[in-house]
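Data block below; observations after.
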Amino acid sequence: MSSRIVKLKDMLENLMGAATTSTEPEVFEEEALVEETEHAEEICQTIMERDPEETEIAGLRSNIYEAAEGALAETTLEGYNGQIRLFEKFSSKLPKALQKSRTSPDANTPLLICIWIGFNCEKPEKSDDWILRDREDKTWSHAMKMRAAVFYYYAQRLERGRAPYLEKADGSWGGNPVYSDIVSQYMKSLRRRKTRDGERSESVRLVSLTILQQLFEYNASRVWGGVRQRIMMSLIYAISFLCFLRIEETLRIEYRHIRIHDARSGKMELVLDFRKTHQTGEVPWFDVPSLLVEWLNQSGIRSGYLFRGFDASDQPSLEKNSKLTPGVFLQNFRHNLSDIKENWMLYGGHSFRRGGVQHMIIEKRWSIIKCCSWGGWSTDLNNLTIVRYILGDKDDPIYARQDFLNPEAQVGKHADNFSITSFAETNRRLNRPRNSIEHTAYLSTLRLGALSSTETAPRVYKRHRLTRRRRNIYSFEPDSPSPPPSVNPTNPSPDSRTAEEQVNQQLAEEITRTSLELSAPVLEQFDKNLPSRSLPCTPPPPSRSLPRTPPPPEVCEISESSLTSSRERASQPVGEIERVQNTSGENVNTVTNSYKGTEEFQERWLTGKPRNVDDSFYFSKIKPQG
């Protein structure tokens, strides 16, 4: 540093010293001080112009300070700045000695920090002192945020660093006041008091696959959002769940981050500024490529942020630099949880991140190291942050304790609330191929209209058509169907059932039996020596017991004789008359199409693709009498 800069600093220090020694300067002294200060600014500007090296160093220093601020996320930095403004406002109400301690750290600075944290987080007391009377009693987590903001204030703005706060030999204080013994002891005592009062930090409940499925399938209400907004929310759910992303990270995704490798197979690449992920097609509520293509077609977004706010007409914002805020997302998420009768107070933005971790570990058999690498956590396992995502007090247990070593136990919270996570998991446990008897039987039941009431009929058929449309356009894997809502869960005695329930039960049994007989091509893949065993005719019910949740299926006996009769029925001559029993118990004659029994007809019937109106009429099995 040149001698001119040193001389200038000495002159400025003398000016500031003269200003601080006189408590009430006269008018002419203030004018002289102003003139000298203006003259000092002119000298400083002249010296900087004459010394280009000092100018270059000052520019590099400012650039380094700006780059250092980029170490924190934007939301974190905004939170720190907000707390720092509150800290400055609070200290301005205190005595002048404490006000001076904020900008010039001394022995009273740790006391000032403790007073500010205590004013916001301690319980109020009956006192004339406003500091004790107006306390806000905030949580321990909020106290930690305040402490972190003050640490950033002294470490970055005042350049106090991270060293312990100690007194030097000349009487000055060095280091960061947050690292003083007084602040550390006060924070420990505050945490004990909060714990005694019953406060403890709890993780939000995870979002399971069942919840995602229910959120995806619920499409009957337009109270809080339209079709486009619900598609966007489903896409946010799936990306946050699969990629272990925080909501703030998901909402920052832009159109340029998406790369479609193969539209036919659904392979896409999501290249973020901080992470790189690959995803392929899954079930509809878990299918990122399908939801992404549908969202882009509905919204017309081709640049800027991918997730934006909506207006009252269910149209996304046209401003490409305006993204959906986390507050609006949480509000929509809570509305969506209320649709499916879930307690929205137990969920938050981290629910998808926690649910994704547990899904990959439990269902996909990922190791903890792999989850840490995928989610961006440290893989040295010194600080097991991922354990907080795996364990949670508000999460439902996967197995009952008495079934830990029971190989035949199903996944469930307790004995009367069982659930299988997926249809593929059911086949794997029963050692059966994927396209098994109950799968084909259930698809046939859907096409034959096995419904217990007209209220649920449009919703089931609408969901089935949407599934076929996705499969035809994008060639994604179809979803595993949910159980039909017409089966009685508890099999009550005939005396306790009404006449309508008995008719519905007979209709469901007859349609299930007919669908099994018509699925002869699928049954031919099994060995003739297949032993007689009891198999469920439909997939098991979802894990959560909601009012609209379908009951568990009945068990039907499938033996070698039934298989033989099915094969004989499939080989009947063309044009033969079938007899199907309708709801009133009467027989209805139905003439089959001319190409019944051919491979083309069987394939069209199994895939739900009728050739003409006659095929659709036959597939539905809803025939007029005579």
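For what it's worth, UniProt numbering labels the leading residue of the sequence shown as 1, then goes sequentially.
For every residue, glycine included, the Cβ atom is placed at its ideal position computed from N, Cα and C.
For residue i and residue j, I'd like the C-alpha separation in whole angstroms.
i	j	result
LEU391	LYS188	25 Å
PRO164	GLU74	28 Å
LEU272	LEU166	44 Å
SER422	GLN214	At SER422 the pLDDT is 39, less than 50, meaning the model places this residue with poor confidence and gives no usable figure here.
LEU337	PHE601	43 Å
ALA415	ILE362	Confidence at ALA415 is low in this model, with a pLDDT of 35, below 50, so its placement is unreliable and no value can be given for it.
PHE119	HIS142	12 Å
ASN176	GLN298	53 Å
SER127	ARG133	5 Å
THR607	GLU217	21 Å
LEU111	ASP403	55 Å
ASP137	GLY300	47 Å
TYR389	TRP374	14 Å
PRO484	GLN506	Bear in mind that a pLDDT of 43 at PRO484, under 50, signals an unreliable position, so the model cannot answer this.
TYR153	VAL387	31 Å
GLU269	VAL357	20 Å
LEU60	TRP140	40 Å
ILE57	GLY161	21 Å
GLU125	LEU190	16 Å
GLU122	SER313	46 Å
ARG604	ARG252	44 Å
LYS609	VAL207	35 Å
GLN331	GLU342	14 Å
ARG611	PRO289	29 Å
LYS168	TYR80	29 Å
ILE258	MET144	37 Å
LYS93	PHE87	10 Å
TYR179	ARG147	10 Å
THR109	SER101	5 Å
PHE329	ARG135	32 Å
TRP366	ASN63	43 Å
GLU319	GLY304	8 Å
GLY225	ILE340	15 Å
With the cut-off set at 7 Å, would you say residue i and residue j are in Cβ contact?
i	j	result
LEU324	ARG308	yes
PHE241	GLY349	no
SER231	TRP173	Inspection of the sequence shows that residue 231 is occupied by Ile rather than by Ser. Against a cut-off of 7 Å, the Cβ pair of TRP173 and ILE231 comes out as no contact.
MET360	CYS372	no
THR250	ILE239	yes
TRP344	ARG334	yes
LEU235	LEU291	yes
GLN83	ALA155	no
GLN185	PHE310	no
PRO326	GLU248	yes
PHE90	TRP116	yes
TYR255	LEU306	yes
VAL183	ILE131	no
LEU209	TYR237	no
SER351	VAL204	yes
ILE369	THR385	no
Could you spell out where the beta strand (DSSP E) holding residue i opens and where it closes?
i	result
LEU270	267-271
LEU335	Note on residue identity: the sequence assigns His, not Leu, to residue 335. No beta strand (DSSP E) contains HIS335, which is instead part of the alpha helix (DSSP H) from 326-339.
ARG259	258-262
Please report the residue range of the alpha helix (DSSP H) in which residue i lies.
i	result
ARG192	181-196
TYR347	First-last for TYR347: undefined, no H or E at that position.
GLU125	That residue, GLU125, is in no alpha helix (DSSP H); it is neither H nor E in DSSP.
LEU297	Before going further, note that residue 297 is Asn rather than Leu in the sequence given. ASN297 -> alpha helix (DSSP H) spans 288-299.
TYR80	74-91
THR210	209-217
SER234	227-243
GLY375	368-375
GLU248	247-251
ARG102	96-103
ARG388	386-390
Next on the checklist: When you compare the stretch 194-208 with the stretch 260-267, are there three or more beta-carbon pairs, one atom per stretch, that lie closer than 8 Å?
Outcome noted: Flag = no, the stretch 194-208 and the stretch 260-267 do not touch.
Checklist entry - Considering only residues of the stretch 107-156, which uninterrupted alpha helix (DSSP H) runs meet the minimum length of 4 residues and lie entirely inside it, listed in chain order? => result Qualifying alpha helix (DSSP H) stretches, in chain order: 109-121, 130-133 and 140-152.
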